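Q: One structure is given below, represented as structure tokens, and several questions about it will come after.
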Amino acid sequence: MRLSLVIKKENVDSEKQVNKLNNFLVLNKSIKIALTILIFGGFTTIKAQERVPFDQGKKYILADVSIVGDISFNSQTVVTFSGLQKGQEITIPGEEISTAIKKLGKLGLFDEISFYVNKIQNDSIYLDLNIVELPKLSAVKFVGVKKSKVDALIKDNSLNKGKVVNENLITTTKNYIENKYKKDGFYNTKVSINTIKDTATINQVNMVVNIDKGDKVKIEKIDFVGNVKLSDKVLRKAMKDTKQKNIFRILKASKFIKEKYKTDLEKVIAVYKEKGYRDARIISDSITYKKNKNVLAIKINVEEGNKYYFGDVKFLGNTVYTDQGLNQILGIKKGETYNGVLLEKRIADKTKPDGEDITNLYQNNGYLFSNINAVEVKTANDTIDFEIRITEGPIAYFNKISVVGNDKTNDRVIYRELRTKPGEKYNKELLIRTIREIGQLGFFDPEAIDPKFKNVDSGAGTVDIEYNLVEKGSSQIELQGGYGGGGFIGTLGLSFNNFSARNLLNKEAYRPLPMGDGQKVSLRLQASTFFQTYSVSFSEPWFGGKKPVSFSTSLSYSKQFLNNYITQKADRTKSFDILTLSVGIAKRLTVPDDYFVLSQSISYQHYALNNYNTGLFTFGDGTSRNLAYTVGLTRSSKGVNPIFPTYGSEFSVSAKLTPPYSLISGTNYATLGDQEEYKLKNTVDRQNIPDANGNIVNIGDYIDAAGNKVTNFALAAADVSKVDQKRFNWLEYYKVKFKADTYSKIYGKLVLRALAEFGFMGAYNQERGSVPFERFYLGGDGLANYSMDGRETIQLRGYPNNSLTPTIEDRTDPRFGQQIGATVFNKFSMELRYPITLKSSASIYALAFMEAGSSYADFKNYNPFALSRSAGLGLRVFMPAFGLLGIDFGHGFDALPGQEKPNGWETHFIIGQQF
């Protein structure tokens, strides 16, 4: 007799869970369970009323569980996850099978789980576990968004190849994308996700995500009800991130973001508190969507309350600082209009970690555990009395200071920059300063520096600090190519900013170069048909390894060939060579404070002209030497990100001095042209053609300025090239420069940079005059490229390169109209900077600028107020591998020298300049 009995058949709904660590997502699907026992023998069919109840199942010993169906997982692993074990006692039907199904369902990997009885021998049972796996992701396609956005959407939703595709994944992806675009103001965003079986693979599907953002929903109007003391305009202005439509607004869009809207409601109350209305509150607010216009209308109902004033302010619990000292920091006097926002900032300014408030006063002196609260103790009519209750607590000391995350940079390079030392009194100011110093190294992502407080023990009065760092690429490559000056110009530059010279002979340190000691090595090659430049430099920030004394040295060689303007080819018989060597040291000072750095350097340049006759110099053959000592004093407190500073300043003054050779040589440069050896001689074969006086002029005869022969050398003209060769054999000059550069946040992330520069070059001996080298060239992008005469290129956007530089104005001079460089200049600049992204992989910020400057050939004509002005917009991109790149569009409001119309628009490309 054949018996066929269905023991159990039911649906089990699995739980919806998300686990981003293991990517197991549980599918909310019905899992069909069929457990069928086929008993062969001579039995009659059991009637319905004779079926075995669930709570009356039979007990068996589990002999084996076999996996049925194609699965990609190990069979034994699946059985293990079910919780079933050979030899255990189970009940059919019973809880063991139900529990096993639930455990497997929670894995989120299977579409169907079914148990069947394979056979029964005595009291042993053999089960078959039939499993159908959920499909996996083969590929994903996004429709309705730009290609540049796809990678980010895939990453944010973990839509990687091989991902298990279930309803939970589809739902969470859909919700994420809709919420993402709603935050950007697209409140009508609709997302649909379809899966299509991939016929080329086994059990894989392709996902198609259709995104319809719709039109951005903007705020048409923000109305306030109940406000009498403060106008709608003032209250709207207080809402920093929720703005109504205004065609004149550029920086802030009128989109609605719920989280920012709630914050802005708090700011509305804050502006009331600033004006003395302590009890102001928002009674209600409503948001109405106008479907026909696709806009929102916001109405906010406020209750202003009465205006209050400060009464008596008393300090309680203070033993370290006097009431008078605390009152100076609090800065609140009796009778002043109540300002709750100001009171909070004077107690603890959360917007400025290094703010001048009472909390920082205590924490900068070791009182880490101090607690300060302002408490209202009395309200009489419109006056509020306060008590500033202070719990000073014990003095805390730094215990263990550690650094993590420096995979490449050696510990000693970081630890020597730390201002927080074990055993020293806790100081919040030093903690903030340490963050700045680590950021200024340039080896770590300054936005990711995170000092974590660990083992904070008020009983022992100790705290451990762990600085969490993220390494970023510090080496850079410069590879440029272009066409200019009649030929191709190529540039190759390598800069290793975290080099390790001590490991040059250590083969194991090459990955691919020895790195980690904070040294900098730069190599640069620039060449074209007309010039070649080679340079190498090295710097060690801690020379000797014990004190912050940096050492630097550089060597460069340039060779310039004269361009034949007829053939447009380089004449290699006419050349100009420059050899430059410099050595310098810089020491961090402690007085007046340790933001000051004193730098000193000695440089030597050798200029050699070989038949190089050009308008730049009055002599074509000869040499000039430039031995100079430079001393500079700099105070830099910019921080924390060297690429995008948001606070601080940099002030510097420097002087470059040469020895006063004219005092030593005793040469009278005023009468140099009267001496016989500096008189003009004929050097051209005139083929017996007489001069204007009828005389035959031979080679070597003295001649006057008109080229006529003279019999007495005293009557001959001075040979300017010989005179200047003597004057400039050893360059004699002094050069003074000043720079002031400040940064400050003015609104949110918007940063204002203000810059002023001044430079002056003079001569010790006025008879010897100013040298034609080392001058200032104003105008353009400020990129130096190659320079033959040691010139300094000063940026002034909105004008062509070097176009605002003085020229020779004497029409009788054969060099009329040629630039001679300036001996004095001044420049002023203001920039508004806004960061687009400050990630370590690429930092991008936009800027708007206004600039003005001028330069003069001599100080007597200097007018600091006769300025060439410009304004414009720009973009900067900093990538660790390539340095700073950028583009500026500047409009010059004034005419170039010799012209009448304003210069107009100029485009400038910025490569590798300072920040």
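Our numbering puts the first residue of the sequence shown at 111, with every later residue one more than the last.
Even glycine gets a Cβ: it sits at the ideal position worked out from N, Cα and C.
Here the structure is a predicted model, which is why all the values come from computation and not from measurement.
1) Beta strand (DSSP E) containing residue 225: first to last residue?
2) Using DSSP bridges, identify the partner residues of residue 840.
3) Grouping DSSP H, G and I as helix and E and B as strand, with all else coil, what is residue 382?
4) With contact counted as at least three CB pairs below 8 Å, one residue from each stretch, are the segment 806-820 and the segment 761-769 in contact?
5) Ignore the nearest five residues each way along the sequence and tell me which others in residue 988's own chain have a CB closer than 6 Å to its CB.
6) Applying the criterion that 16 or more other CB atoms from any shown protein chain within 10 Å of the CB defines a buried residue, is residue 902 buried or exposed?
7) Less than 8 Å between the CB atoms is what I'm expecting for residue 979 and residue 998, so what's the real figure, rounded?
8) Between which two residues does the beta strand (DSSP E) containing residue 988 stretch?
9) Excluding the 5 residues flanking residue 458 on each side, which residues of the same chain have their C-beta closer than 6 Å to its C-beta?
10) Give the range of the alpha helix (DSSP H) segment to which residue 670 is assigned.
11) Does the segment 279-297 come close enough to the segment 326-337 that 3 or more CB-CB pairs lie under 8 Å?
12) When you compare each of 475, 867, 442, 580 to residue 503 by their alpha carbons, which one comes out closest?
13) Restricting to runs no shorter than 3 residues, where is the beta strand (DSSP E) found entirely within the segment 474-542?
14) Output yes or no for whether 7 Å exceeds the beta carbon distance between residue 213 and residue 234.
15) Pairs of beta-carbons, one from the segment 730-741 and one from the segment 832-842, closer than 8 Å: are there three or more?
16) What is the rounded straight-line gap between the Cα of residue 742 and the Cα of residue 723?
17) By DSSP's criteria, residue 755 is part of a beta bridge. Which residues make up the other side?
18) What is the C-beta distance between residue 425 and residue 500, in whole angstroms, given that I count them as a contact (C-beta under 8 Å)?
19) Count the CB pairs spanning the segment 307-326 and the segment 238-250 that are closer than 8 Å, and state whether there are at least three.
20) Which same chain residues, not among the five before or five after residue 560, have their C-beta less than 6 Å away from its C-beta?
21) Quick one: what does DSSP say residue 825 is sitting in, helix, strand or coil?
22) Between which two residues does the beta strand (DSSP E) containing residue 365 stretch?
23) Could you check what DSSP says for residue 969 in three-state terms: helix, strand or coil?
24) Whole angstroms are fine: how far does the CA of residue 280 sit from the CA of residue 273?
25) Expressed to the nearest angstrom, what Euclidean distance is found between the alpha-carbon atoms of residue 322 and residue 413?
26) Count the CB pairs spanning the segment 968-976 and the segment 1001-1018 that are closer than 8 Å, and state whether there are at least three.
27) Give a yes or no on whether the C-beta atoms belonging to residue 942 and residue 958 are separated by under 7 Å.
28) Please return the same chain residues whose Cβ sits closer than 8 Å to the Cβ of residue 573, not counting the five positions on each side in sequence.
29) Going by DSSP in three states, residue 438 sits in which element: helix, strand or coil?
30) Flag this pair as yes or no: are the beta carbons of residue 886 and residue 899 separated by less than 7 Å?
31) Who does residue 620 pair with in a DSSP beta bridge?
32) Taking DSSP's pairing of strands, which residues face residue 574 in a bridge?
33) Rounded to whole angstroms, what is the Cα-Cα separation between residue 358 and residue 1017?
34) Buried or exposed, going by whether 16 or more other CB atoms sit within 10 Å of the CB of residue 612?
35) Would you kindly check if the distance between the Cβ of residue 583 and the Cβ of residue 637 is under 7 Å?
36) Count the other CB atoms, across all protein chains shown, that sit within 10 Å of the CB of residue 158; report buried if there are 16 or more and exposed otherwise.
A: The short version:
1) According to the DSSP assignment, residue 225 belongs to the beta strand (DSSP E) that extends over 220-231.
2) The partner list for residue 840 (beta bridge, DSSP) reads 735.
3) Collapsing the DSSP output to three states places residue 382 in a helix.
4) Verdict: no, contact absent.
5) The beta carbon of residue 988 lies closer than 6 Å to those of 753, 953, 994 in the same chain, with the five residues before and after it left out.
6) Buried.
7) Here residue 979 is actually not in contact with residue 998; their C-beta atoms are around 15 Å apart, not less than 8 Å.
8) That run of the beta strand (DSSP E) goes 978-989.
9) Cβ neighbours of residue 458 within its own chain (closer than 6 Å, five residues either side excluded): 467, 469.
10) Careful: residue 670 lies outside any alpha helix (DSSP H), inside the beta strand (DSSP E) at 659-674.
11) Yes: the two stretches touch, three or more of their Cβ pairs being nearer than 8 Å.
12) For residue 503, the closest of 475, 867, 442, 580 by C-alpha to C-alpha distance is 475.
13) Correct list: 481-490, 493-501, 507-514.
14) Contact flag unset, no.
15) Contact between the segment 730-741 and the segment 832-842 is present, because at least three Cβ pairs lie under 8 Å.
16) For residue 742 and residue 723, the distance between alpha carbons rounds to 36 Å.
17) DSSP lists no partner for residue 755.
18) That pair is a contact at about 7 Å.
19) In short, these stretches touch, since the Cβ pair count reaches three.
20) 578, listed in sequence order.
21) Residue 825 falls in the helix class under three-state DSSP.
22) For residue 365, no beta strand (DSSP E) run applies, since DSSP gives it neither H nor E.
23) Collapsing the DSSP output to three states places residue 969 in a helix.
24) Cα atoms of residue 273 and residue 280: separation of roughly 12 Å, rounded to the nearest angstrom.
25) Spanning the two alpha carbons is a distance of roughly 41 Å.
26) These segments do not touch.
27) Less than 7 Å separates the beta-carbon of residue 942 from that of residue 958.
28) Sequence-distant Cβ neighbours of residue 573 in its own chain, meaning closer than 8 Å and more than five residues away, are 478, 506, 507, 508, 509, 536, 563, 564, 565, 566, 567.
29) Residue 438 sits in a helix when the DSSP states are folded into three classes.
30) Cβ atoms of residue 886 and residue 899: not closer than 7 Å.
31) None; residue 620 has no bridge partner.
32) Partner(s): 564.
33) Their backbone Cα atoms lie some 26 Å apart in a straight line.
34) Result: exposed.
35) When the beta-carbon positions are compared, residue 637 and residue 583 stay at least 7 Å from each other.
36) Residue placement at residue 158 is poorly supported in this model, since its pLDDT is 34, which falls under 50; the coordinates still yield a value, given next. In summary, residue 158 is exposed, with fewer than 16 beta-carbon neighbours lying within 10 Å of its beta-carbon over all protein chains present.
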